[in-house]
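Q:
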Amino acid sequence: MTDSWVRGLRAAIDGEVDTDERRRAEYSSDASNYRVRPAAVVFPRGTADIAAALEWARAAGLPVTARGAGTSVAGNAIGPGLVLDFSRHLNEVLEIDPEKRCARVQPGVVLSQLQQAAAPHGLRFGPDPSTQNRCTLGGMIGNNACGPRAVAWGRTSDTVRELRILDGVGSERVLGAGLTSVPGLSEFTQRNLALIRTDLGRFDRQASGYGLEHLLPERGSSAARALVGAEGTCGLLLEATVDLVPLPAATLLVVLGYPDMPTAADDIAAVMARSPTAVEGIDARLVDVVRAHGRAVPELPTGGGWLFVELAADSAELAHERAELLCRGVNALDSRIVADPAAAARLWRIRADGAGLAGRTPDGKPAWPGWEDAAVPPEKLGPYLRDFDELMRAHRVDGLLYGHIGDGCIHVRLDLPIADAPRRFREFLTDAADLVVRHGGSLSGEHGDGRARSELLARMYSPRALAAFAEFKGLFDPDDVLNPGVLVRPRPLDADLRLVGVPPTRPAGGFAYPADGDIATAVHRCVGIGKCRADTRATGGFMCPSYLATADEKDSTRGRARVLQEAVRGALDWRSPAVSESLDLCLSCKACASDCPAGVDMATYKSETLYRRYRHRPRPRDHYALGQLPRWLAAATRIPRLANALAASGALRRLGLRAAGVDPRRQVPTLADKSFRAHWRARRHTPRPDSPGGTAALGSVGATRPNSAAESSPASGGARPAVMLWIDTFTDAFDPDIAWAAAELIESLGYAVSIPERRVCCGLTWISTGQLDGARKRLRATLSALEEHIAAGGVVVGLEPSCTAVLRSDLLELLPEDPRAPRTARAVRTLAEFLEADPTWRPPDLSGRTVLVQPHCHQHAVLGFEADLRILRQTGAKVTEVTGCCGLAGNFGMQAGHYEISVAVAENGLLPALRAAGDDTTFLADGFSCRTQAAQLGNRAGGHLAQLLLGR
Numbered sequence: 001m002t003d004s005w006v007r008g009l010r011a012a013i014d015g016e017v018d019t020d021e022r023r024r025a026e027y028s029s030d031a032s033n034y035r036v037r038p039a040a041v042v043f044p045r046g047t048a049d050i051a052a053a054l055e056w057a058r059a060a061g062l063p064v065t066a067r068g069a070g071t072s073v074a075g076n077a078i079g080p081g082l083v084l085d086f087s088r089h090l091n092e093v094l095e096i097d098p099e100k101r102c103a104r105v106q107p108g109v110v111l112s113q114l115q116q117a118a119a120p121h122g123l124r125f126g127p128d129p130s131t132q133n134r135c136t137l138g139g140m141i142g143n144n145a146c147g148p149r150a151v152a153w154g155r156t157s158d159t160v161r162e163l164r165i166l167d168g169v170g171s172e173r174v175l176g177a178g179l180t181s182v183p184g185l186s187e188f189t190q191r192n193l194a195l196i197r198t199d200l201g202r203f204d205r206q207a208s209g210y211g212l213e214h215l216l217p218e219r220g221s222s223a224a225r226a227l228v229g230a231e232g233t234c235g236l237l238l239e240a241t242v243d244l245v246p247l248p249a250a251t252l253l254v255v256l257g258y259p260d261m262p263t264a265a266d267d268i269a270a271v272m273a274r275s276p277t278a279v280e281g282i283d284a285r286l287v288d289v290v291r292a293h294g295r296a297v298p299e300l301p302t303g304g305g306w307l308f309v310e311l312a313a314d315s316a317e318l319a320h321e322r323a324e325l326l327c328r329g330v331n332a333l334d335s336r337i338v339a340d341p342a343a344a345a346r347l348w349r350i351r352a353d354g355a356g357l358a359g360r361t362p363d364g365k366p367a368w369p370g371w372e373d374a375a376v377p378p379e380k381l382g383p384y385l386r387d388f389d390e391l392m393r394a395h396r397v398d399g400l401l402y403g404h405i406g407d408g409c410i411h412v413r414l415d416l417p418i419a420d421a422p423r424r425f426r427e428f429l430t431d432a433a434d435l436v437v438r439h440g441g442s443l444s445g446e447h448g449d450g451r452a453r454s455e456l457l458a459r460m461y462s463p464r465a466l467a468a469f470a471e472f473k474g475l476f477d478p479d480d481v482l483n484p485g486v487l488v489r490p491r492p493l494d495a496d497l498r499l500v501g502v503p504p505t506r507p508a509g510g511f512a513y514p515a516d517g518d519i520a521t522a523v524h525r526c527v528g529i530g531k532c533r534a535d536t537r538a539t540g541g542f543m544c545p546s547y548l549a550t551a552d553e554k555d556s557t558r559g560r561a562r563v564l565q566e567a568v569r570g571a572l573d574w575r576s577p578a579v580s581e582s583l584d585l586c587l588s589c590k591a592c593a594s595d596c597p598a599g600v601d602m603a604t605y606k607s608e609t610l611y612r613r614y615r616h617r618p619r620p621r622d623h624y625a626l627g628q629l630p631r632w633l634a635a636a637t638r639i640p641r642l643a644n645a646l647a648a649s650g651a652l653r654r655l656g657l658r659a660a661g662v663d664p665r666r667q668v669p670t671l672a673d674k675s676f677r678a679h680w681r682a683r684r685h686t687p688r689p690d691s692p693g694g695t696a697a698l699g700s701v702g703a704t705r706p707n708s709a710a711e712s713s714p715a716s717g718g719a720r721p722a723v724m725l726w727i728d729t730f731t732d733a734f735d736p737d738i739a740w741a742a743a744e745l746i747e748s749l750g751y752a753v754s755i756p757e758r759r760v761c762c763g764l765t766w767i768s769t770g771q772l773d774g775a776r777k778r779l780r781a782t783l784s785a786l787e788e789h790i791a792a793g794g795v796v797v798g799l800e801p802s803c804t805a806v807l808r809s810d811l812l813e814l815l816p817e818d819p820r821a822p823r824t825a826r827a828v829r830t831l832a833e834f835l836e837a838d839p840t841w842r843p844p845d846l847s848g849r850t851v852l853v854q855p856h857c858h859q860h861a862v863l864g865f866e867a868d869l870r871i872l873r874q875t876g877a878k879v880t881e882v883t884g885c886c887g888l889a890g891n892f893g894m895q896a897g898h899y900e901i902s903v904a905v906a907e908n909g910l911l912p913a914l915r916a917a918g919d920d921t922t923f924l925a926d927g928f929s930c931r932t933q934a935a936q937l938g939n940r941a942g943g944h945l946a947q948l949l950l951g952r
């Protein structure tokens, strides 16, 4: 593909054409095991762009692959030629027709967007895969997606009324009920009536191959529905008209417990007799994984496997009656009716995150798709699962089962030996195909065949059926331009595997990666689930703030992981512009570490990459200015008035910020007149006049003294153990009142409060800029400063969430050999955790107060914010939680070139919440960055939990 060809295509379309190395890396994989680097990625804006791209590709002999959200698990959405991303521009709901109960949409519309548009009319789209907050309708049509509620409302193929497509030769066609819109289709159907009736459509989840059963007259003779599940091999979707169904008046969840999943499957006929809207199966080992991730799981009935059964009715009372009838009519060990919508939502979340949570086996091995969604007739599911269990043992593979038990479709990710034993990988898949065929099943139940299973179609279908598939594709795409290698003339299932060819990664002295071993394994945690593309403003969570701001795959956690996967395999240099561009807008918020079901931690990978790039080399100016900020603040706090005066001078400030690599539109935070440490030393033995009752502030390590008032308090139960406050740089220099409030609050419970004898730092700013040797130096000094206190059984209470998170998490990965590190991590508490653990403490009565709280991203990801929320609610205050990152994120929002994105991220949550808050609302943010962003962009001062609880 020549430069002149690319320039010509760019001139021919309104959308974008991208051929750079970074973009091609981002689109080299979907959510499958496969990697194919495209020649170019095209972002069409309309029908004319799609037609032009197809025309230019045909002229150059390039294949064309359509792509929505890239969540296909079988390698359906990758290709070597042009990849057309429909999600960026072609993403409108064009029409909702309540009377006809249908919607007209563009292919890039996200399913949850359609659901939101239909809900005011009392309607919804029936199929609802677990990826519904990021998958597109075009992708659902391509793969014939289903989801839990297909048992009631059918698969995507059952919803399609009309499709407008471009076929492989560039002709626009409108397909609906009837076969005359495609020349030769009626004759093809007549010749193959017997074959179609006997070989296809034998049960609902027979998704492998083409859906030719929809061509039958008794099935409606629908060319449109026959193209659903064609995986982009027959046409490029321009527009679709789909059915909508009424929202149920009331729903209820019933959880049924069984000894194991096969036994649950044996009972499916009794469950289906109650006409449920969803029936999902969850294995006990998957629930154990959820708990191991620290997620709360509501109480479940007795059992080793569960069915989640949703029932719908015209009223809650009727739904409850149906639930009781169900419980009496099945052979479950135990049952539970879940009426609370919040509890039901938490249970359903287990299922929604199953693809990611099942990405590790119970013993911690990576698990992969490949045999992802095989299906058998429901009445054969129990025997099939028992045989499948034997097959896994025979092939020495393991995985966690879950799926659509109601219609015989099972999901599982397995620790397949892709990288080290591709032959075993192939042998398992062929044996698994033979097993499912023996049970009358289908290789795929909803995800399509793609590169993972198309070769195996020959084990499921006769040569005559395969010839019919090829003839059907030829009616639409005679030159095999559209997604070649899929379904017809398939690529080998062990070709193009992403894990093959990844060399061992030479350690660079960065992080330890205790769960993965090295960065190569760590970055391959990303299997492309794409949750980082979801709109968390509607669903909650913090990932991924930069993608929400730009809607560009480059700025998603997945896009960055794909680029780093190319780096670890040697296809990109660690210091290449592609890697730099990919990581530039990562806020290092760490939200992916908790929100990504696969546990991708891009903040750590970015830090490691910066370390590899700049170690022993000159760094950007902001790395010295912001990355070593505690060093400069230690000097500035000795001359705070002069430092503040210099920062307040407009011209001088802007000049200094530019020199430091900081955006000149930023304000410099004001230093306190006196740092906390300076106050602490001066008032070690002098009561503070502004403290409640003149409570004395206590000294440093080895210089503490008991609080006599606390000792005599009946509630205290006598003397209390010592508590050390971790005085981080930001609290010390900018907000010492927060530390005083925390000290007084803790003292009031009878604890002796201390701080480290000498100034120490957790190294956070060094970590975020990849200066890991400097971070380790500071962390070793921290361990030494805390060692005596922790050895005596003391605890350490952190006030700044990002610094506290370093001591709980990064410390262990940067100093894995130091035995003091795990002891220190276990001793560190947030203020809320500390207060909750004290049985004598009671929250103050703040009834009538309204509190807007911005959780810090690192607290959300590493420490958890649940204890803070519980305390806030116990005060009686009306609490509103801001969802998402504030946008400043430490040094990110200060760095030159990041200001606009920082503001855009803030506009996704923080700034609208501040504007909506009344003047009497208390803004609470424990993170210094969050308070700074609110002050600079929202003109709103914020406080800390310690201050709120003391009534400050």
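Each step along the sequence shown adds one to the number in UniProt numbering, with nothing skipped, and position 278 is 278.
All C-beta atoms in this analysis are idealised placements derived from N, C-alpha and C, irrespective of residue type, glycine included.
Only a predicted model underlies this, so the values are computations on that prediction, with no experimental measurement involved.
(1) Can you tell me the Cα-Cα spacing of ALA941 and GLY951, whole angstroms?
(2) Apart from the five residues on each side of it in sequence, which residues of its chain come closer than 7 Å, Cβ to Cβ, to PRO844?
(3) Please name the residue in VAL851, ALA889 and GLN936 whose C-alpha comes closest to that of LEU924.
(4) Any idea if VAL412 is buried or exposed, counting beta-carbon neighbours within 10 angstroms, 16 or more meaning buried?
(5) Can you have a look at residue 970 and say buried or exposed, based on whether 16 or more other CB atoms are within 10 angstroms of its CB?
(6) What residue from ALA861, LEU333, GLY406 and PRO369 has the CA that sits closest to CYS596's CA?
(7) Identify the residues that DSSP records as bridge partners of ARG67: which are they?
(8) Would a C-beta distance cut-off of 8 Å place VAL290 and VAL297 closer than the cut-off?
(9) Ignoring anything shorter than 3 residues or poking outside the stretch 369-428, list the beta strand (DSSP E) runs there in chain order.
(10) Whose CA, out of LEU910, ALA53, TYR751 and THR505, lies closest to the CA of ASN13?
(11) If we count Cβ pairs, one from each stretch, closer than 8 Å, do we get three or more for the stretch 47-61 versus the stretch 493-505?
(12) Find out if the Cβ-Cβ distance for the pair HIS447, SER72 is shorter than 8 Å.
(13) Do SER208 and ALA352 have their C-beta atoms within less than 8 Å of each other?
(14) Taking DSSP's pairing of strands, which residues face GLU16 in a bridge?
(15) Near ALA117, which residues of its chain fall below 6 Å by C-beta distance, leaving aside the five closest residues on each side in sequence?
(16) Looking at the structure shown, is ALA77 part of a helix, part of a strand, or coil, going by DSSP?
(17) GLN113 by DSSP, collapsed to three states: which one?
(18) Name the two residues that bound the continuous beta strand (DSSP E) containing SER335.
(19) Which of the three DSSP states, helix, strand or coil, is assigned to ASP919?
(20) Just the Cα atoms here: how many angstroms apart are GLY184 and GLY450?
(21) Which of helix, strand or coil does DSSP assign to PRO692?
(22) In chain order, which beta strand (DSSP E) runs of at least 3 residues are fully inside the stretch 779-866?
(23) Mind checking which residues open and close the beta strand (DSSP E) that includes GLY887?
(24) Return yes when the Cβ of GLU239 is within less than 8 Å of the Cβ of ARG104, no when it is not.
(25) Can you tell me whether ALA11 is buried or exposed? The criterion is at least 16 other CB atoms within 10 Å of its CB, across all chains shown.
(26) ARG22 and VAL523 look like a contact to me (Cβ under 8 Å); what is the Cβ gap, rounded to whole Å?
(27) Check whether the Cβ atoms of VAL254 and LEU166 sit closer than 8 Å, and answer yes or no.
(28) Of all the options ASP314, ARG295, LEU318 and ARG349, which has the alpha carbon lying nearest to the alpha carbon of PHE308?
(29) Quick one, which of PRO912, VAL828 and GLY864 has its alpha-carbon nearest residue 954's?
(30) Return the first residue and the last residue of the alpha helix (DSSP H) that ASP266 is part of.
(31) What span of residues does the alpha helix (DSSP H) with VAL903 cover, start to end?
(32) So is ARG26 buried or exposed if we call it buried at 16+ other beta carbons inside 10 Å?
(33) Taking buried to mean at least 16 other C-beta atoms within 10 Å of its own C-beta, is THR198 buried or exposed?
(34) Should residue 956 and GLY70 be called a contact, given that it needs their Cβ atoms to be closer than 8 Å?
(35) By the DSSP assignment, the beta strand (DSSP E) with ILE96 in it spans what residues?
(36) Less than 6 Å between C-beta atoms, sequence neighbours within five positions excluded: which residues of the same chain meet that for ASP663?
A: Straight from the coordinates:
(1) 16 Å
(2) THR875, LEU949 and GLY951
(3) VAL851
(4) buried
(5) In this structure the chain extends from 1 to 952, so residue 970 is not present and cannot be described.
(6) ALA861
(7) ASP85
(8) yes
(9) 399-404 and 409-414
(10) Reading off the sequence, residue 13 comes out as Ile, not Asn. Ranking the options by Cα distance to ILE13, first place goes to ALA53.
(11) no
(12) yes
(13) no
(14) PHE43
(15) VAL93 and ILE96
(16) coil
(17) helix
(18) 334-338
(19) coil
(20) 26 Å
(21) In this prediction, PRO692 has a pLDDT of 38, which is less than 50 and means its spatial position is unreliable; nothing more can be read from the coordinates.
(22) 795-798, 828-830 and 850-853
(23) First-last for GLY887: undefined, no H or E at that position.
(24) yes
(25) exposed
(26) That pair is no contact at about 15 Å.
(27) no
(28) ARG349
(29) There is no way to answer for residue 954, as the model of the chain reaches only from 1 to 952.
(30) 261-266
(31) 899-906
(32) Residue 26 is actually Glu in this sequence, not Arg. Result: buried.
(33) exposed
(34) Past the boundaries of the shown model lies residue 956; the chain is included only from 1 to 952, so the question cannot be answered.
(35) 93-97
(36) ALA896 and TYR899
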